[in-house]
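Student: In our numbering, the protein residues as written are 446 to 663.
All C-beta atoms in this analysis are idealised placements derived from N, C-alpha and C, irrespective of residue type, glycine included.
Take a look at this one; I'll ask things after.
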(Lines of atoms letter the chains of each structure in order from A and count residues from 1; the text may use other names and numbers.)
(Lines give C-alpha, C1' and ligand atoms only; values in the text may rest on other atoms or scores of the structure.)
Protein backbone atom coordinates (compact mmCIF):
# COMPACT_ATOMS: atom_id res chain seq x y z
CA UNK A 1 0.00 0.00 0.00
CA UNK A 2 2.83 2.41 0.89
CA UNK A 3 4.51 1.64 -2.43
CA UNK A 4 1.26 2.31 -4.31
CA UNK A 5 0.74 5.58 -2.47
CA UNK A 6 4.30 6.65 -3.25
CA UNK A 7 3.79 5.81 -6.93
CA UNK A 8 0.53 7.78 -7.03
CA UNK A 9 2.23 10.73 -5.33
CA UNK A 10 5.09 10.64 -7.86
CA UNK A 11 2.69 10.47 -10.78
CA UNK A 12 0.70 13.40 -9.42
CA UNK A 13 3.89 15.41 -8.92
CA UNK A 14 4.84 14.78 -12.55
CA UNK A 15 1.40 15.82 -13.82
CA UNK A 16 1.51 18.97 -11.69
CA UNK A 17 5.05 19.83 -12.86
CA UNK A 18 4.10 19.18 -16.48
CA UNK A 19 1.06 21.42 -16.07
CA UNK A 20 3.24 24.24 -14.76
CA UNK A 21 5.64 23.88 -17.70
CA UNK A 22 2.97 23.52 -20.40
CA UNK A 23 0.98 26.44 -18.98
CA UNK A 24 4.02 28.69 -19.38
CA UNK A 25 5.30 27.61 -22.78
CA UNK A 26 2.83 25.42 -24.61
CA UNK A 27 3.67 21.95 -25.87
CA UNK A 28 6.65 22.24 -28.19
CA UNK A 29 9.29 24.09 -26.08
CA UNK A 30 8.85 21.90 -23.00
CA UNK A 31 11.30 19.05 -22.43
CA UNK A 32 10.88 15.98 -20.27
CA UNK A 33 14.10 16.84 -18.46
CA UNK A 34 12.58 20.18 -17.38
CA UNK A 35 9.47 18.43 -16.14
CA UNK A 36 11.40 15.78 -14.20
CA UNK A 37 13.61 18.44 -12.62
CA UNK A 38 10.61 20.55 -11.58
CA UNK A 39 8.90 17.49 -10.10
CA UNK A 40 12.02 16.32 -8.29
CA UNK A 41 11.80 12.96 -10.07
CA UNK A 42 14.58 11.25 -11.98
CA UNK A 43 14.35 10.99 -15.76
CA UNK A 44 14.06 7.22 -15.40
CA UNK A 45 11.36 7.65 -12.79
CA UNK A 46 9.39 9.82 -15.20
CA UNK A 47 9.55 7.12 -17.88
CA UNK A 48 8.35 4.56 -15.36
CA UNK A 49 5.04 6.44 -15.27
CA UNK A 50 4.81 7.99 -18.75
CA UNK A 51 6.00 6.76 -22.13
CA UNK A 52 6.86 10.25 -23.36
CA UNK A 53 5.84 13.88 -23.57
CA UNK A 54 2.61 13.22 -25.46
CA UNK A 55 1.52 10.68 -22.87
CA UNK A 56 2.24 13.18 -20.09
CA UNK A 57 0.44 16.00 -21.89
CA UNK A 58 -2.56 13.72 -22.36
CA UNK A 59 -2.59 13.05 -18.60
CA UNK A 60 -2.51 16.80 -17.88
CA UNK A 61 -5.45 17.45 -20.20
CA UNK A 62 -7.40 14.50 -18.77
CA UNK A 63 -6.94 15.80 -15.22
CA UNK A 64 -7.91 19.32 -16.27
CA UNK A 65 -11.03 17.92 -17.94
CA UNK A 66 -11.93 16.05 -14.75
CA UNK A 67 -11.52 19.22 -12.67
CA UNK A 68 -13.69 21.13 -15.14
CA UNK A 69 -16.39 18.46 -14.99
CA UNK A 70 -16.34 17.57 -11.29
CA UNK A 71 -15.49 20.89 -9.63
CA UNK A 72 -16.04 23.84 -11.97
CA UNK A 73 -19.37 22.66 -13.36
CA UNK A 74 -20.73 21.40 -10.02
CA UNK A 75 -22.27 23.89 -7.60
CA UNK A 76 -20.53 23.44 -4.26
CA UNK A 77 -21.49 26.56 -2.33
CA UNK A 78 -18.12 28.25 -2.81
CA UNK A 79 -18.90 30.81 -5.51
CA UNK A 80 -21.34 33.69 -6.06
CA UNK A 81 -24.59 32.21 -7.33
CA UNK A 82 -24.27 28.95 -5.42
CA UNK A 83 -26.52 30.34 -2.71
CA UNK A 84 -29.34 30.76 -5.21
CA UNK A 85 -31.63 28.12 -6.59
CA UNK A 86 -32.01 27.14 -10.21
CA UNK A 87 -29.90 26.40 -13.23
CA UNK A 88 -28.98 30.01 -13.95
CA UNK A 89 -27.49 30.35 -10.46
CA UNK A 90 -25.43 27.20 -11.11
CA UNK A 91 -24.13 28.68 -14.35
CA UNK A 92 -23.15 31.94 -12.68
CA UNK A 93 -21.30 30.10 -9.91
CA UNK A 94 -19.48 27.94 -12.44
CA UNK A 95 -18.15 30.93 -14.35
CA UNK A 96 -16.59 32.22 -11.14
CA UNK A 97 -15.07 28.81 -10.41
CA UNK A 98 -13.70 28.53 -13.95
CA UNK A 99 -11.92 31.87 -13.76
CA UNK A 100 -10.62 31.08 -10.27
CA UNK A 101 -9.18 27.76 -11.44
CA UNK A 102 -7.60 29.39 -14.47
CA UNK A 103 -5.97 31.93 -12.17
CA UNK A 104 -4.49 29.55 -9.61
CA UNK A 105 -4.38 26.00 -11.02
CA UNK A 106 -1.55 25.30 -13.47
CA UNK A 107 -3.08 21.99 -14.58
CA UNK A 108 -6.31 23.68 -15.66
CA UNK A 109 -4.33 26.49 -17.32
CA UNK A 110 -2.26 23.91 -19.19
CA UNK A 111 -5.33 21.95 -20.22
CA UNK A 112 -6.72 24.97 -22.04
CA UNK A 113 -3.32 25.96 -23.47
CA UNK A 114 -2.61 22.46 -24.80
CA UNK A 115 -5.98 22.02 -26.49
CA UNK A 116 -5.37 25.23 -28.45
CA UNK A 117 -1.69 24.60 -29.25
CA UNK A 118 -1.69 23.59 -32.92
CA UNK A 119 2.02 22.67 -32.72
CA UNK A 120 1.15 19.85 -30.31
CA UNK A 121 -0.54 16.48 -30.86
CA UNK A 122 -4.22 15.63 -30.62
CA UNK A 123 -4.68 14.97 -26.91
CA UNK A 124 -8.16 13.51 -27.06
CA UNK A 125 -9.92 16.27 -25.12
CA UNK A 126 -10.86 19.84 -25.96
CA UNK A 127 -11.60 21.80 -22.81
CA UNK A 128 -13.14 24.72 -24.66
CA UNK A 129 -15.57 22.36 -26.38
CA UNK A 130 -16.29 20.61 -23.09
CA UNK A 131 -17.09 23.97 -21.48
CA UNK A 132 -19.17 25.12 -24.47
CA UNK A 133 -21.28 21.96 -24.42
CA UNK A 134 -21.91 22.26 -20.69
CA UNK A 135 -22.92 25.93 -20.96
CA UNK A 136 -25.31 25.12 -23.81
CA UNK A 137 -26.81 22.21 -21.87
CA UNK A 138 -27.39 24.18 -18.69
CA UNK A 139 -28.86 27.13 -20.59
CA UNK A 140 -31.25 24.73 -22.30
CA UNK A 141 -32.26 23.73 -18.77
CA UNK A 142 -32.54 27.42 -17.80
CA UNK A 143 -34.84 28.06 -20.76
CA UNK A 144 -37.05 25.06 -19.97
CA UNK A 145 -37.34 26.25 -16.36
CA UNK A 146 -38.52 29.66 -17.65
CA UNK A 147 -35.71 31.47 -15.85
CA UNK A 148 -35.05 33.68 -18.89
CA UNK A 149 -36.90 36.83 -19.82
CA UNK A 150 -39.59 36.94 -22.48
CA UNK A 151 -38.19 36.33 -25.95
CA UNK A 152 -34.70 35.37 -24.69
CA UNK A 153 -33.29 32.12 -26.07
CA UNK A 154 -30.88 29.96 -24.10
CA UNK A 155 -28.74 29.39 -27.19
CA UNK A 156 -28.20 33.14 -27.58
CA UNK A 157 -27.19 33.53 -23.94
CA UNK A 158 -24.81 30.56 -24.32
CA UNK A 159 -23.06 32.33 -27.19
CA UNK A 160 -22.41 35.36 -25.01
CA UNK A 161 -21.30 33.35 -21.97
CA UNK A 162 -18.93 31.09 -23.90
CA UNK A 163 -17.43 33.97 -25.87
CA UNK A 164 -16.84 36.01 -22.72
CA UNK A 165 -15.42 33.25 -20.54
CA UNK A 166 -13.16 31.79 -23.22
CA UNK A 167 -12.08 35.36 -23.93
CA UNK A 168 -11.18 35.84 -20.26
CA UNK A 169 -9.14 32.63 -20.43
CA UNK A 170 -7.27 33.69 -23.57
CA UNK A 171 -6.56 37.20 -22.29
CA UNK A 172 -5.56 35.82 -18.91
CA UNK A 173 -2.65 33.88 -20.40
CA UNK A 174 -0.75 37.18 -20.66
CA UNK A 175 -2.58 39.34 -18.14
CA UNK A 176 -3.88 37.67 -14.99
CA UNK A 177 -6.05 40.69 -14.21
CA UNK A 178 -8.61 39.10 -16.56
CA UNK A 179 -8.87 36.11 -14.23
CA UNK A 180 -10.28 37.92 -11.22
CA UNK A 181 -13.79 37.74 -9.70
CA UNK A 182 -14.52 41.41 -10.36
CA UNK A 183 -14.17 40.79 -14.12
CA UNK A 184 -16.80 38.04 -13.94
CA UNK A 185 -19.01 40.23 -11.74
CA UNK A 186 -18.91 43.07 -14.27
CA UNK A 187 -19.92 40.66 -17.03
CA UNK A 188 -22.90 39.34 -15.07
CA UNK A 189 -23.97 42.80 -13.92
CA UNK A 190 -24.23 43.71 -17.58
CA UNK A 191 -25.85 40.48 -18.79
CA UNK A 192 -28.19 39.23 -16.06
CA UNK A 193 -30.66 42.15 -16.05
CA UNK A 194 -31.00 41.75 -19.82
CA UNK A 195 -31.57 37.99 -20.00
CA UNK A 196 -33.04 36.77 -16.69
CA UNK A 197 -36.73 36.85 -15.90
CA UNK A 198 -37.60 39.46 -13.24
CA UNK A 199 -38.25 36.69 -10.71
CA UNK A 200 -34.93 34.95 -11.42
CA UNK A 201 -32.95 38.19 -11.37
CA UNK A 202 -34.55 39.17 -8.07
CA UNK A 203 -33.72 35.75 -6.56
CA UNK A 204 -30.09 36.01 -7.72
CA UNK A 205 -29.87 39.53 -6.38
CA UNK A 206 -31.20 38.36 -3.02
CA UNK A 207 -28.57 35.58 -2.99
CA UNK A 208 -25.83 38.18 -3.49
CA UNK A 209 -25.08 37.40 -7.09
CA UNK A 210 -23.20 39.11 -8.57
CA UNK A 211 -21.48 40.34 -5.39
CA UNK A 212 -22.10 43.98 -6.30
CA UNK A 213 -25.69 45.11 -6.90
CA UNK A 214 -27.47 43.62 -9.89
CA UNK A 215 -30.95 45.05 -10.01
CA UNK A 216 -33.63 42.88 -11.63
CA UNK A 217 -35.01 44.00 -14.96
CA UNK A 218 -38.36 45.75 -14.88
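Take residue 569 and list the residues in its own chain whose beta-carbon comes closer than 8 Å to its own, dropping the five residues that flank it on each side.
Tutor: 503, 506, 507, listed in sequence order.
Student: Comparing the CB of residue 649 with every heavy atom of the ligand SAH, is any distance shorter than 7 Å?
Tutor: Among the ligands in the structure shown, none appear at all, so the ligand SAH cannot be discussed.
Student: Which residue's Cα is closest to the Cα of residue 533: 567, 571, 584, 561?
Tutor: For the residues 567, 571, 584, 561, the minimum Cα distance to residue 533 belongs to 584.
Student: Span of the alpha helix (DSSP H) holding residue 623?
Tutor: Here residue 623 belongs to no alpha helix (DSSP H), and DSSP marks it neither H nor E.
Student: Quick check: the Cα distance between residue 556 and residue 537, rounded to an integer number of angstroms?
Tutor: Roughly 22 Å separates the two Cα atoms.
Student: Considering Cα atoms alone, identify which of 475, 493, 635, 479 is closest to residue 602.
Tutor: Residue 635 is the option with its Cα nearest to residue 602.
Student: Tell me, please, whether the segment 572 to 586 touches the segment 598 to 614 by the rule of three or more beta-carbon pairs shorter than 8 Å.
Tutor: Taking 8 Å as the limit for Cβ pairs, the verdict is that the segment 598 to 614 does touch the segment 572 to 586.
Student: Just to check my reading of the structure: residue 487 and residue 517 have Cβ atoms closer than 8 Å, yes? What is that Cβ distance to the nearest angstrom?
Tutor: About 34 Å separates the two Cβ atoms, so there is no contact after all.
Student: Nearest to residue 560 by alpha carbon, out of 468, 453, 462?
Tutor: Answer by Cα proximity: 468.
Student: Three-state secondary structure (DSSP) at residue 595?
Tutor: The answer is coil: DSSP assigns residue 595 none of H, G, I, E or B.
Student: Applying the 10 Å Cβ sphere with the 16-neighbour rule, what's the burial state of residue 554?
Tutor: Residue 554 comes out buried.
Student: Tell me whether residue 468 sits in a helix, a strand or coil according to DSSP, three-state version.
Tutor: Of the three classes helix, strand and coil, the one that applies to residue 468 here is helix, per DSSP.
Student: Suppose you measure from the CA of residue 552 to the CA of residue 459; what does that come to, to the nearest Å?
Tutor: Their Cα atoms are separated by approximately 11 Å.
Student: Residue 594 and residue 640 - do their beta-carbons sit closer together than 8 Å?
Tutor: Cβ distance < 8 Å, so residue 640 and residue 594 count as in contact.
Student: Compare the beta carbon distance of residue 501 and residue 463 with 8 Å and say whether it is the shorter of the two.
Tutor: Contact: yes.
Student: Is it right to say residue 627 is buried, meaning 16 or more other beta carbons lie within 10 angstroms of its own, or is it exposed?
Tutor: Under this definition residue 627 is an exposed residue.
Student: Leaving out five residues on either side along the sequence, give the residues of the same chain with a beta carbon under 6 Å from the beta carbon of residue 663.
Tutor: With a pLDDT of only 37 at residue 663, under the threshold of 50, the placement of this residue in the model should not be trusted, and no figure is reported.
Student: What's the C-alpha gap between residue 511 and residue 587?
Tutor: Distance between the alpha carbons of residue 511 and residue 587: 24 Å.
Student: Starting from residue 539, follow the alpha helix (DSSP H) in both directions and report where the run begins and ends.
Tutor: Taken as a continuous stretch (DSSP letters only), the alpha helix (DSSP H) holding residue 539 covers 532 to 549.
Student: What is the DSSP secondary structure of residue 641, counted as helix, strand or coil?
Tutor: Here residue 641 sits in strand by DSSP.
Student: Determine the extent of the alpha helix (DSSP H) in which residue 506 is found, giving its start and end residues.
Tutor: Taken as a continuous stretch (DSSP letters only), the alpha helix (DSSP H) holding residue 506 covers 498 to 512.
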